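Here is the structure we will look at, set down as structure tokens.
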Amino acid sequence: MPSIIYIAHLKNMLDTPNVRTVHESLTPRLGGVAVFAGFMSALTIFADLSNGIQQLLAGCIVLFFVGLKDDLVSISVSKKFVGQLLATGVVMIMADIRVTSFQGILGIHELPIGISYAFTFLAIVGITNAINLIDGLDGLAGTIVLIITSTYGYYFARYGGAGYGNYVFVSICLIGGMLGFLRYNFHRASIFMGDTGSLVCGFIVSILTIQFIEMGLKVGGPFATSSPAVAIGILFVPLFDTLRVFIVRMMAGRSPFSPDKNHVHHRILAMGFQQISTVMLLGLLNLVVILFVINFAALGNMLLIGCLVGFSVLISIFLGVYQSRSAQQRVAS
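Residue numbers for the sequence shown follow my numbering, so the first one is 166 and each next one is one higher.
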């Protein structure tokens, strides 16, 4: 990481502050290069690459170069999408990693193969971009990825068995990469993750999520058929943030992909919190939701998802009311 920081400054490969960013100084955004190097080297040395991990690595390589190009020269959304399409196709078609059942959600169980592929594609692209979008504060994306990956890693180690046990290595290697990266990424960050890191990390998290859901169906584990709702709870902060900003933008008549400063971390900063306390608050929120879904998994998918949706609406209302009051106070002053 220090070598990458040095080279980025030497070659002027720095991220310039603008109206959408929070940082105020020129900062390298190639931290994902070091995360990817640590993750790949450790995984290929120590892990069993069967059960889809080889194809996962191939997808990571595709997204690594897509993200690297975007960090260096910036590329269009359509080119990023093509890269995600290729990476997703590799794991779905070559490794048959996909969501095969809704496990009773809306009364739906096993999915027809066409719908299975379509939903899996949407899930992988959605989760990958959710991690990418939440990367807006020093240490935020890394902290959330660390919490999510640690949770999945524990359950793969405990219940994975022969079919899913080697995904423990994927989790541990990503945890190691995140710990090495966060040392340099907490406020004030000397390097950012960049799209190189956020796309790769989001892709890995999406595959871990699908395998976690399938493990609940095929192995049983502690959650059995409630694993989809538990997975949604584990991913609560990035999913909530992404869905919320998309809905807010569309209600305002704008494209859901148009950038703004309306993410949940921007709203918390506007309340007067500092960057570190905002990151800690969102990390704690994710941990609380994870503990809730784990302890109340017996409620079943529909009740758990209903609770998560209700909680999301309450947070959104609170953020909206606070924003409106802040705007009125600024007009009055």
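All C-beta atoms in this analysis are idealised placements derived from N, C-alpha and C, irrespective of residue type, glycine included.
This one's a predicted model, so the numbers in the text were calculated from it and none came from an experiment.
Residue i classed as buried or exposed, judged by whether at least 16 other C-beta atoms fall within 10 angstroms
{"i": "Arg-353", "result": "exposed"}
{"i": "Asp-236", "result": "buried"}
{"i": "Ala-462", "result": "buried"}
{"i": "Asn-460", "result": "exposed"}
{"i": "Val-238", "result": "exposed"}
{"i": "Ser-243", "result": "exposed"}
{"i": "Ala-295", "result": "buried"}
{"i": "Pro-403", "result": "buried"}
{"i": "Thr-293", "result": "buried"}
{"i": "Gln-220", "result": "buried"}
{"i": "Ile-280", "result": "exposed"}
{"i": "Arg-409", "result": "buried"}
{"i": "Glu-379", "result": "buried"}
{"i": "Ser-442", "result": "exposed"}
{"i": "Leu-347", "result": "buried"}
{"i": "Val-365", "result": "buried"}
{"i": "Leu-499", "result": "Examination of residue 499 is not possible in this model, given that the chain is present from 166 through 498 alone."}
Inter-residue Cα distance where the pair is residue i and residue j
{"i": "Ser-168", "j": "Gly-359", "result": "16 Å"}
{"i": "Asp-180", "j": "Leu-302", "result": "14 Å"}
{"i": "Gly-485", "j": "Thr-253", "result": "35 Å"}
{"i": "Val-227", "j": "His-174", "result": "26 Å"}
{"i": "Thr-314", "j": "Asp-425", "result": "28 Å"}
{"i": "Ile-273", "j": "Ile-369", "result": "27 Å"}
{"i": "Pro-193", "j": "Phe-267", "result": "42 Å"}
{"i": "Phe-411", "j": "Ser-423", "result": "9 Å"}
{"i": "Leu-298", "j": "Lys-176", "result": "27 Å"}
{"i": "Ile-270", "j": "Ile-262", "result": "20 Å"}
{"i": "Arg-323", "j": "Gly-217", "result": "19 Å"}
{"i": "Pro-277", "j": "Gly-385", "result": "22 Å"}
{"i": "Thr-390", "j": "Met-467", "result": "11 Å"}
{"i": "Phe-483", "j": "Thr-209", "result": "46 Å"}
{"i": "Arg-414", "j": "Phe-211", "result": "45 Å"}
{"i": "Gly-418", "j": "Ile-170", "result": "40 Å"}
Contacts around residue i, its chain only, beta-carbon distance under 7 Å, and the 5 residues preceding and following it disregarded
{"i": "Gly-342", "result": "Val-200, Gly-203, Phe-204"}
{"i": "Tyr-332", "result": "Phe-321, Gly-325, Leu-373, Gln-376"}
{"i": "Gly-248", "result": "Val-227, Leu-228, Val-231"}
{"i": "Leu-251", "result": "Val-227"}
{"i": "Ile-337", "result": "Gly-318"}
{"i": "Leu-452", "result": "Ile-312"}
{"i": "Glu-275", "result": "Thr-265, Ser-266"}
{"i": "Tyr-282", "result": "Met-257, Arg-263"}
{"i": "Leu-245", "result": "The question names Leu, but residue 245 in the sequence shown is Lys. Counting only Cβ-Cβ distances below 7 Å, and skipping sequence neighbours, we find Val-231, Asp-235."}
{"i": "Thr-316", "result": "Ile-399, Ile-455"}
{"i": "Leu-450", "result": "Val-402"}
Spatially closest choice to residue i from the options, by CA coordinates
{"i": "Thr-265", "options": "Ile-292, Gly-248, Gln-220, Gly-381", "result": "Gly-381"}
{"i": "Pro-182", "options": "Val-453, Phe-357, Phe-334", "result": "Phe-357"}
{"i": "Ala-260", "options": "Ala-223, Ser-355, Ile-433, Cys-366", "result": "Ala-223"}
{"i": "Ile-455", "options": "Ala-396, Gly-232, Thr-192", "result": "Ala-396"}
{"i": "Leu-447", "options": "Ser-241, Leu-191, Val-310", "result": "Val-310"}
{"i": "Leu-214", "options": "Phe-334, Phe-346, Phe-229", "result": "Phe-334"}
{"i": "Gly-307", "options": "Tyr-317, Leu-208, Val-444, Leu-221", "result": "Val-444"}
{"i": "Ile-172", "options": "Ser-355, Ile-441, Gly-304", "result": "Ser-355"}
{"i": "Gly-196", "options": "Gly-345, Ile-270, Ile-299", "result": "Gly-345"}
{"i": "Met-257", "options": "Phe-284, Leu-464, Gln-439, Ser-190", "result": "Phe-284"}
{"i": "Gly-367", "options": "Arg-409, Ile-340, Ile-289", "result": "Ile-289"}
{"i": "Gln-440", "options": "Leu-305, Phe-483, Phe-211", "result": "Leu-305"}
{"i": "Leu-233", "options": "Ala-207, Phe-483, Ile-210, Val-198", "result": "Val-198"}
{"i": "Ala-207", "options": "Lys-245, Leu-339, Leu-464, Arg-409", "result": "Leu-339"}
{"i": "Val-255", "options": "Ser-241, Gly-475, Phe-351, Cys-225", "result": "Cys-225"}
{"i": "Leu-434", "options": "Thr-361, Tyr-487, Gly-362", "result": "Tyr-487"}
{"i": "Leu-464", "options": "Ser-392, Pro-421, Ser-420, Val-413", "result": "Ser-392"}
{"i": "Gly-291", "options": "Gly-330, Phe-438, Ser-371, Ser-241", "result": "Ser-371"}
Cutoff 8 Å; reference residue i; Cβ partners in own chain excluding five residues on either side
{"i": "Lys-383", "result": "Gly-328"}
{"i": "Leu-473", "result": "Ala-394, Ile-397, Gly-398, Phe-401, Val-454, Val-458"}
{"i": "Phe-476", "result": "Val-454"}
Residues of its chain near residue i, where Cβ-Cβ distance is below 6 Å and the 5 sequence neighbours each way are ignored
{"i": "Val-429", "result": "Asp-406"}
{"i": "Phe-286", "result": "Thr-253"}
{"i": "Phe-388", "result": "Gly-381, Val-395, Ala-462"}
{"i": "Gly-471", "result": "none"}
{"i": "Tyr-349", "result": "Met-166, Ser-355, Ile-356"}
{"i": "Asn-427", "result": "Val-410, Val-413"}
{"i": "Gly-362", "result": "Gly-196, Gly-197, Val-200"}
{"i": "Pro-421", "result": "Phe-411, Arg-414, Met-415"}
Test: residue i CB closer than 7 Å to a CB of chain C
{"i": "Pro-403", "result": "The chain inventory of the structure shown lacks chain C, comprising one protein chain alone."}
>> For a minimum of 4 consecutive residues, which ranges assigned as the alpha helix (DSSP H) are wholly contained in the stretch 366–443?
In response: 392–399, 401–416, 429–435
> Which runs of the alpha helix (DSSP H) spanning at least 4 residues fall entirely within the stretch 316–349, listed in chain order?
Replying inline: 326–329
> If you scan the stretch 179–214 from start to end, which runs of the beta strand (DSSP E) of 3 or more residues do you find wholly inside it?
Replying inline: none
>> Which runs of the alpha helix (DSSP H) at least 4 residues long sit entirely within the stretch 216–302? Give them in chain order.
In response: 218–238, 242–254, 278–298
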